[in-house]
């Protein structure tokens, strides 16, 4: 693994983490993320992605992210495993940061699938563990998952630096 510090990568990393913090805070406080907030995040992600050249520099990652994340998130939503805001925030990450931002670790297609697979697994796994075992909630309740998506995103980026 080679650490690569590019303006578009650093900008995408910072923007994605800041958006995930804001979305997570809303999810924790109210168990909701308003559509206006999600739309603002999506518009901001598009502006940053286009203005920094991130889309052009990582086109394969963005395409693979859309092809992988959209159907998986819709399936998880339909199954009741995630809420609508969780799915929409995953879609925003496909725009803002579809892979490892401070370098590359794997071939772009595998990197993108690994990143989102790990983030979704972390979100669902830690969310379920927290909700069912630490908070003693009912199994049919959906926990606030976005804080765990933030953890998964940060762990993915750290893995990218270390691999």
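Residue numbers (our numbering): 851 to 1013. Ideal Cβ placement from N, Cα and C applies to all residues, glycine included.
Cα-Cα separation between residue i and residue j, rounded to whole angstroms
i            : j            : result
residue 1002 : residue 968  : 7 angstroms
residue 950  : residue 938  : 20 angstroms
residue 958  : residue 854  : 15 angstroms
residue 920  : residue 940  : 8 angstroms
residue 928  : residue 962  : 23 angstroms
residue 1000 : residue 1012 : 18 angstroms
residue 960  : residue 876  : 32 angstroms
residue 903  : residue 979  : 39 angstroms
residue 864  : residue 871  : 11 angstroms
residue 924  : residue 933  : 10 angstroms
residue 884  : residue 862  : 22 angstroms
residue 910  : residue 970  : 20 angstroms
residue 912  : residue 901  : 15 angstroms
residue 899  : residue 869  : 14 angstroms
residue 1006 : residue 972  : 10 angstroms
residue 908  : residue 873  : 25 angstroms
residue 856  : residue 1010 : 15 angstroms
Buried or exposed by the 16-neighbour rule on C-beta atoms within 10 Å, applied to residue i
i           : result
residue 886 : exposed
residue 893 : exposed
residue 965 : buried
residue 945 : buried
residue 796 : This structure does not reach residue 796, given that the chain is present from 851 up to 1013, and the question cannot be answered.
residue 926 : buried
residue 906 : exposed
residue 975 : exposed
Best match in the options for proximity to residue i [C-alpha to C-alpha]
i            : options                : result
residue 880  : 935, 961, 964 and 976  : 935
residue 997  : 857, 948, 856 and 867  : 867
residue 858  : 973, 896, 981 and 1012 : 896
residue 977  : 963, 995 and 912       : 995
residue 948  : 917, 982, 980 and 876  : 917
residue 981  : 963, 952, 942 and 931  : 931
residue 1004 : 901, 889 and 943       : 943
residue 860  : 952, 1009, 907 and 909 : 952
residue 1008 : 993, 955 and 882       : 955
CB contact check: residue i to chain C, cutoff 7 angstroms
i            : result
residue 1006 : In the structure shown, chain C does not exist; there is a single protein chain.
Complete runs of the alpha helix (DSSP H) confined to the region 887-912 [at least 4 residues]: 904-907
Those runs of the alpha helix (DSSP H) which lie wholly inside the region 909-990 and span at least 4 residues: 909-929, 934-946 and 958-979
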